[in-house]
Amino acid sequence: GYSYPVGTTCGRRHPGECCRAAGTCFKCGQAGYLQKDCKKSTTASTSGQADK
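Reminder that position 6 of the sequence shown reads as 6 in full-length UniProt numbering, one-by-one numbering, no gaps.
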């Protein structure tokens, strides 16, 4: 399989510009904030934890 280059800021392998450098959320893909600040992931992760 093809291996993507490591992002210069986030250290993860992915295509294109580094998401963290661009300020893009890994969870929902919206620009302007990171996954830890994502309002969409808060409800999803909380309900997912409760089900386990």
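C-beta atoms are modelled at their ideal positions from N, C-alpha and C, and glycine is treated no differently. Here the structure is a predicted model, which means the values were calculated and not measured.
{"Item": "Same chain, Cβ closer than 8 angstroms to residue 13, neighbours up to 5 away in sequence not counted", "Value": "3, 4, 5, 6 and 7"}
{"Item": "Spatial distance of residue 53 from residue 28 (CA atoms)", "Value": "Since the first and last residues shown for the chain are 1 and 52, residue 53 lies out of range."}
{"Item": "Exposed unless 16 or more other CB atoms sit within 10 angstroms - verdict on residue 9", "Value": "exposed"}
{"Item": "Cα-Cα separation between residue 15 and residue 32, rounded to whole angstroms", "Value": "19 angstroms"}
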